[in-house]
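Trainee: In this note's numbering, the protein residues as written are 4 to 255.
Note that beta-carbon positions come from the ideal geometry of N, C-alpha and C, so glycine has one too.
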Ligand SMILES: [Zn+2]
Ligand SMILES: [Zn+2]
């Protein structure tokens, strides 16, 4: 399998190594594949594929399991970079839990991939995200603070993700998400989404706030400090033990 994957990648690089196009979405984002390497991890044996972005220079990666190049029906998870959560273990958000849950699941699959998108805080950047945290610390309404700082602005993420999938000649995907509405956004960019795989997380001492009743009522999560905030990833997590009503409320 490894050999096949490397051969396919080399061929792809030969054909598309200097790819350039009109770009996708509002910001006309165009990416191209640059390099692939093996990435053994605590979650499984993956490959990591690096993409160059010839519009704003952001370096996105795909973490892939199995032989995915040119494949169909590939399970795909979209993850937005979150330095504080993913790398530093912050409990202000659930990004690391979402990332680990996805990588563990994909690590068990015959094939699948996670697109790690370098769009910290839904594209507002690390500094603005810390500014939003700071406003929250000062007692501002966290939802309003986040909205003011653009936390809901996530259109661009899908354009990059769609282009990455196209670059890898993925014929169709199964999107790992809890929000059926998100499928339309990828479809708009020409990605065939054949189905949806629910993203279900096991509650633990670090993410027990998922089960808070208030979270289910508002569709927002309650963080460790008891404050409401918008999800930093694309969709709200489903935790084992949630009722149908709670799950339904997440995407309202
Ligand atoms: Zn392009
Ligand atoms: Zn986060």
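With a cut-off of 8 Å on the beta carbons, I'd call residue 49 and residue 67 a contact; round off their distance for me.
Mentor: Taking the first residue of the chain shown as position 1, residue 49 is located at position 46. Taking the first residue of the chain shown as position 1, residue 67 is located at position 64. So it is a contact: roughly 6 Å between Cβ atoms.
Trainee: Is residue 22 near ligand 1, with its Cβ less than 8 Å from a heavy atom?
Mentor: Position 19 of the chain shown, counting from 1, holds the residue named residue 22. Within the cutoff, so yes.
Trainee: What's the gap between the Cα of residue 134 and the Cα of residue 85?
Mentor: On the chain shown, residue 134 is found 131 positions in, with the first residue counted as 1. On the chain shown, residue 85 is found 82 positions in, with the first residue counted as 1. Each residue's Cα considered, the two are about 14 Å apart.
Trainee: In whole angstroms, give me the CA-to-CA distance for residue 249 and residue 184.
Mentor: The residue you call residue 249 lines up with position 246 of the chain shown. The residue you call residue 184 lines up with position 181 of the chain shown. When rounded, the distance between both Cα atoms is 17 Å.
Trainee: Count the other CB atoms within 10 Å of the CB of residue 180; is the residue buried (16 or more) or exposed (fewer)?
Mentor: Counting from 1 along the chain shown, the entry for residue 180 is found at position 177. Classification of residue 180: buried, given that the 10 Å Cβ count is 16 or more.
Trainee: Shorter than 8 Å, the distance from the beta carbon of residue 236 to the closest heavy atom of ligand 2, or not?
Mentor: Looking up residue 236 in the chain shown gives position 233. Indeed, a heavy atom of ligand 2 lies less than 8 Å from the Cβ.
Trainee: Which residue comes first and which comes last in the beta strand (DSSP E) that contains residue 101?
Mentor: For the purposes of this step, residue 101 is taken as the residue at position 98 of the chain shown. Note, residue 101: premise wrong, no beta strand (DSSP E); alpha helix (DSSP H) at 98-111.
Trainee: Measuring CA to CA, which of 119, 96 and 165 is closest to residue 106?
Mentor: To locate residue 106, count along the chain shown from 1; it is residue 103. For the residues 119, 96 and 165, the minimum Cα distance to residue 106 belongs to 119.
Trainee: Specify, as a first and last residue, the run of the beta strand (DSSP E) that residue 138 falls within.
Mentor: Numbered from 1 along the chain shown, position 135 holds the residue referred to as residue 138. Careful: residue 138 lies outside any beta strand (DSSP E), inside the alpha helix (DSSP H) at 129-140.
Trainee: If you follow the beta strand (DSSP E) that residue 67 is part of, which residue opens it and which one closes it?
Mentor: Residue 67 sits at position 64 when you count from the first residue of the chain shown. From DSSP, the beta strand (DSSP E) with residue 67 extends over 63-68.
Trainee: Apart from the five residues just before and just after residue 110, which ones in its own chain have a Cβ nearer than 8 Å to its Cβ?
Mentor: Position 107 of the chain shown, counted from the start, is the residue given in the question as residue 110. Excluding sequence neighbours, residue 110 sits near 44, 46, 47, 48, 49 and 68.
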